[in-house]
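In the numbering used here, the protein residues as written are 7 to 253.
So, in structure tokens, the structure goes:
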């Protein structure tokens, strides 16, 4: 099924999210879950930076200081301190980490269910709440790309989802292991043959969001990208109506 008739308008290139050259930080978040993951990353990085600075200072003072503190050579107090302190630090890392793990498993009354099937080497999508709405997406070959397309990232048929709507993704595979991943959404779900994995998703802004298969799945593993377009609810209803009529 060719869905090119749906893309007459220019895409939200100003709001597109993908990894670019020399990007060292995380991509801008497009969902509340990714915001929480970024906060947790910054929280953990602050703790690690403090530990590295303290240990570096202590090692430097030991190298250049000729004096010896006898309490550092053998002392019950110092041994208690360097045993209890790491446990407290791990507690402050583990609690928000476990909170995020449970939040990522939550499914809050989804309004739309999208089923994703990984193949060698393309994706199939099925809008389970609507009849006969399913299509395949392939990477656009180099000889068919337009000037505005992104090499190895653009596909012939994007998935379209409404923003500010609870969405349930059901992910599986037809042949080998795949992994459906969109970094800006904080989403990475393994596609396992014979098994259904599900996740909840909420997109908080319009735009184009790019991802790729993140599980080595064969010779063309690098050539099965993911493109998701987030639109307003009215636009999504119009899109799904046109798609239903065309099918």
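Ideal Cβ positions, reconstructed from N, Cα and C, are used throughout, including at glycine.
Here the structure is a predicted model, which is why all the values come from computation and not from measurement.
Option in the options with minimal Cα separation from residue i
i: residue 214; options: 119, 182, 96 and 161; result: 161
i: residue 177; options: 144, 64, 28 and 200; result: 200
i: residue 141; options: 95, 148 and 125; result: 125
i: residue 97; options: 237, 42, 207 and 49; result: 49
i: residue 249; options: 222, 202, 237 and 166; result: 166
i: residue 135; options: 23, 246, 159 and 108; result: 246
i: residue 272; options: 185, 235 and 240; result: An answer regarding residue 272 cannot be provided, because it is not within the stretch 7 to 253 covered by the chain.
i: residue 130; options: 143, 119 and 118; result: 143
i: residue 240; options: 233, 234, 212 and 76; result: 212
i: residue 226; options: 107, 149, 159 and 128; result: 128
i: residue 168; options: 182, 187 and 119; result: 119
Buried versus exposed, by CB contacts within 10 Å (16 or more), residue i
i: residue 66; result: exposed
i: residue 152; result: exposed
i: residue 28; result: exposed
i: residue 35; result: buried
i: residue 26; result: exposed
Rounded C-alpha distance that separates residue i from residue j
i: residue 82; j: residue 89; result: 11 Å
i: residue 58; j: residue 94; result: 16 Å
i: residue 243; j: residue 31; result: 35 Å
i: residue 75; j: residue 92; result: 23 Å
i: residue 137; j: residue 100; result: 44 Å
i: residue 117; j: residue 45; result: 27 Å
i: residue 180; j: residue 233; result: 20 Å
Proximity test, Cβ basis, 9 Å: residue i and chain B
i: residue 180; result: Annotation note: the requested chain B is absent from the structure, which comprises a single protein chain.
Bridge partners - residue i, DSSP secondary structure assignment
i: residue 215; result: 23 and 234
i: residue 206; result: 174
i: residue 187; result: 194
i: residue 133; result: 120
Review point. If you pair each beta-carbon of the segment 113-128 with each one of the segment 169-187, do three or more pairs fall below 8 Å?
Key: yes
Review point. Is there contact here, the segment 202-211 with the segment 42-56, by at least three beta-carbon pairs under 8 Å?
Key: no
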